[in-house]
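One structure below.
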Amino acid sequence: MNSPALHRKRVAVIGGGPAGLMAAQTLSAAGHAVDVYDAMPSVGRKFLLAGKGGMNITHAEPYAQFITRYGRRATELRPMLDAFGPEQVRALVHGLGIETFVGSSGRVFPTEMKAAPLLRAWLHRLRESGVHFHQRYRWLGWADGRAVLRFATPQGEQAIQADAVVLALGGASWARLGSDGAWLPLLAEQGVPVAPLRPANCGFDVRWTEFFSAKYAGEPLTTVAVLYRDIEGRPQRKQGQFVVTAGGVEGSLIYAVSAALREQIERDGSALLELDLLPDLSPERVLAEVLHPRGSRSMASHLHGRLGVKGVKAGLLHECLSKEEYGDPQRLAQALKALPLRLNAPRPIDEAISSAGGVRFEALHGTMLQALPGVFVAGEMLDWEAPTGGYLLTACFASGRQAGQDALDWLASNQA
Numbered sequence: 001m002n003s004p005a006l007h008r009k010r011v012a013v014i015g016g017g018p019a020g021l022m023a024a025q026t027l028s029a030a031g032h033a034v035d036v037y038d039a040m041p042s043v044g045r046k047f048l049l050a051g052k053g054g055m056n057i058t059h060a061e062p063y064a065q066f067i068t069r070y071g072r073r074a075t076e077l078r079p080m081l082d083a084f085g086p087e088q089v090r091a092l093v094h095g096l097g098i099e100t101f102v103g104s105s106g107r108v109f110p111t112e113m114k115a116a117p118l119l120r121a122w123l124h125r126l127r128e129s130g131v132h133f134h135q136r137y138r139w140l141g142w143a144d145g146r147a148v149l150r151f152a153t154p155q156g157e158q159a160i161q162a163d164a165v166v167l168a169l170g171g172a173s174w175a176r177l178g179s180d181g182a183w184l185p186l187l188a189e190q191g192v193p194v195a196p197l198r199p200a201n202c203g204f205d206v207r208w209t210e211f212f213s214a215k216y217a218g219e220p221l222t223t224v225a226v227l228y229r230d231i232e233g234r235p236q237r238k239q240g241q242f243v244v245t246a247g248g249v250e251g252s253l254i255y256a257v258s259a260a261l262r263e264q265i266e267r268d269g270s271a272l273l274e275l276d277l278l279p280d281l282s283p284e285r286v287l288a289e290v291l292h293p294r295g296s297r298s299m300a301s302h303l304h305g306r307l308g309v310k311g312v313k314a315g316l317l318h319e320c321l322s323k324e325e326y327g328d329p330q331r332l333a334q335a336l337k338a339l340p341l342r343l344n345a346p347r348p349i350d351e352a353i354s355s356a357g358g359v360r361f362e363a364l365h366g367t368m369l370q371a372l373p374g375v376f377v378a379g380e381m382l383d384w385e386a387p388t389g390g391y392l393l394t395a396c397f398a399s400g401r402q403a404g405q406d407a408l409d410w411l412a413s414n415q416a
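The structure is reproduced here in structure tokens:
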């Protein structure tokens with residue numbers, strides 16, 4: 001009878017973010033020797049920064065709605081999320097001794113709202129299970145006909161051999177935290193089909209006047225709605241808030257619609273967004289208030305008194321409308337419900353929360369690269385995107401687990 005030790009394999013997981021850690025957990029639980037390599041001095045740096053304002057781990061909305069948040073890649077991601085979705089994410093966190101709660105928006109958070117305790121507990125569990133971590137190991141690709149992994153380390157270049165490899169190197173946002181997209185040409189030169197990396201969950205440039213920029217940069221626009229066309233060209237409306245920046249717009253509401261806006265800009269050179277500055281009032285009510293006799297009051301005072309329009313909202317009307325349009329009550333009322341705002345370009349990818357593009361799903365058999373048997377891919381390296389709200393992290397967990405499981409199946413079918 002064969003000893004289990006004879007079937008114990010060595011697996012290299014490259015990248016110490018959530019996807020890589022999930023793959024490591026899955027592989028080590030099956031008894032394999034797992035080494036996690038990361039270019040940074042410590043693992044999970046982007047995970048920690050993402051949790052700085054409150055660690056949003058997943059979302060509690062009905063699963064049928066949850067899955068739609070992945071847009072065009074929902075079909076490819078669904079099997080992974082069916083196996084490890086929002087409930088399994090919460091169970092993972094609870095299993096590490098961290099309690100969670102559901103916020104008013106449906107977002108799920110650890111009770112302490114912090115990422116550090118969760119990461120510490122997870123790393124402790126992984127080390128106890130035998131996972132070895134190697135910091136400041138920057139992956140350089142392959143040597144000796146793909147039999148050897150090359151790493152740049154503080155001790156010079158190192159050559160590592162492994163029976164299987166899981167790549168979980170992230171996308172190309174927040175390069176200072178390790179996800180710089182440097183892996184893309186390494187895979188492309190091996191014949192792996194890849195899509196260019198692009199900003200996702202990002203802000204956009206707007207050509208503000210110097211006056212508007214100087215006066216309103218940093219001002220939040222609360223309780224507004226945006227009217228836009230989605231990736232399929234269908235009209236959509238979404239309510240929330242965002243912030244005016246010195247050169248454009250950013251914030252949760254903008255991030256939520258950024259994929260559609262980015263694609264419009266790529267196709268047409270710019271994107272048109274319409275702002276509903278008074279989303280809780282009907283067009284008829286707004287028109288009636290604008291037309292209400294104002295006596296000797298200025299229009300600005302009239303709008304403030306009748307509709308509460310002031311500050312950055314009032315500034316936007318002057319910024320986006322001509323003097324003639326502002327002076328026309330009918331046109332002004334229309335603008336309060338659909339103020340046109342031209343977006344000229346997404347902000348650079350390194351400023352984005354996440355990235356789109358990467359390894360095309362058509363390049364995969366499950367999560368294994370067809371061009372590189374025994375090499376599996378997870379997380380933001382794959383060509384998908386999702387809005388903030390726990391969707392990004394959930395899919396990273398799910399794809400990391402799937403890559404680990406696929407590696408296990410492949411190792412089992414290739415036992416010597």
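In terms of full-length UniProt numbering, the sequence shown opens at residue 1 and continues consecutively. Ideal placement from N, C-alpha and C gives every residue a C-beta, glycine not left out.
Proximity below 7 Å, CB of residue i to CB of residue j
i: S322; j: G171; result: no
i: V89; j: T367; result: no
i: P18; j: C396; result: yes
i: Y228; j: L277; result: no
i: T26; j: R401; result: yes
i: V312; j: E219; result: yes
i: F376; j: D409; result: no
i: P279; j: A225; result: yes
i: L341; j: L275; result: yes
i: G71; j: G44; result: no
i: G178; j: A39; result: yes
i: L291; j: P235; result: no
Secondary structure of residue i, DSSP reduced to three states
i: D383; result: coil
i: Q155; result: coil
i: D409; result: helix
i: E189; result: coil
i: T222; result: strand
i: I67; result: helix
i: A121; result: helix
i: Q239; result: strand
i: S282; result: coil
i: H132; result: strand
i: E250; result: strand
i: P18; result: helix
i: R342; result: strand
i: residue 451; result: Outside the modelled stretch of the chain, which goes from 1 to 416, sits residue 451, for which no answer is possible.
Close-in-space but distant-in-sequence residues of the same chain around residue i (CB under 6 Å, 5 per side omitted)
i: L287; result: A333
i: K9; result: H32, D163, L411
i: G240; result: S252, L253
i: residue 491; result: Nothing about residue 491 can be read from this structure; the chain reaches only from 1 to 416.
i: E250; result: G203, V243
i: S413; result: none
i: S213; result: A246
i: S129; result: S28
i: A143; result: R150
i: F133; result: V36
Which listed residue (the options) has its alpha carbon closest to that of residue i
i: G358; options: R198, V11, Q88; result: R198
i: I349; options: F101, R73, S173; result: S173
i: L261; options: E99, P346, I353; result: P346
i: G95; options: L126, H7, G20; result: L126
i: R386; options: G404, Y326, Q65, A83; result: In the sequence as displayed, the identity of residue 386 is Ala instead of Arg. Nearest option by C-alpha distance: Q65.
i: residue 432; options: R69, G71, G20, Y70; result: Residue 432 lies beyond the residue range present for the chain, which begins at 1 and ends at 416; the question has no answer from this structure.
i: L149; options: L81, A12, Y70, Q370; result: A12
i: E325; options: A217, M299, P235; result: M299
i: S270; options: A217, R69, T223, D205; result: D205
i: R267; options: S296, E284, G233; result: G233
i: L123; options: G97, L77, G145; result: G97
i: E189; options: T111, R146, G379, R78; result: R146
Cut-off 8 Å between Cβ atoms - residues of its own chain near residue i, not counting five sequence neighbours on either side
i: W183; result: W139, L167, L169, M381
i: M1; result: For M1, the predicted structure reports a pLDDT of 36, less than 50, and the residue's modelled location is therefore unreliable. A value from the coordinates is still provided. Nothing listed; no residue qualifies.
i: E263; result: I231
i: P86; result: T58, H59, A60, Y63, F66, V108, G390, T394
i: S3; result: In this prediction, S3 scores a pLDDT of 39, lower than 50, which makes its location untrustworthy; the coordinate-derived value is nonetheless stated afterwards. Excluding sequence neighbours, S3 sits near nothing in its chain.
i: A175; result: G181, D350
Cutoff 7 Å; reference residue i; Cβ partners in own chain excluding five residues on either side
i: G389; result: N56, H59, R107
i: V131; result: A24, S28, V34, V36
i: R207; result: N344
i: R294; result: H302
i: A352; result: S173, P199, A200, N201, C202
i: K310; result: H304
i: F84; result: F397, A398, R401
i: M22; result: F397, G400, R401, G404
i: residue 421; result: Residue numbering for the chain in the displayed model covers 1 to 416; residue 421 lies beyond these limits and cannot be assessed.
i: L6; result: A caution first: L6 carries a pLDDT of 44, below 50, which makes its placement in the model unreliable, though a value can still be read off. Here the set comprises nothing.
Residue i beta carbon near the ligand PLP (any heavy atom closer than 6 Å)
i: F151; result: Absence of the ligand PLP is noted for the structure shown, with no ligands found whatsoever.
Review point. Is the region 103-120 in contact with the region 47-59, if contact means three or more CB pairs nearer than 8 Å?
Key: At 8 Å Cβ cutoff, the stretches touch.
Exercise for review: Assess, as a yes-or-no matter, whether the region 363-379 is touched by the region 189-207 under the definition of 3 or more beta carbon pairs within less than 8 Å.
Suggested key: In short, these stretches touch, since the Cβ pair count reaches three.
Point to revise | Touching by the beta-carbon criterion (3+ pairs, under 8 Å), the region 196-216 and the region 21-35 | key: no
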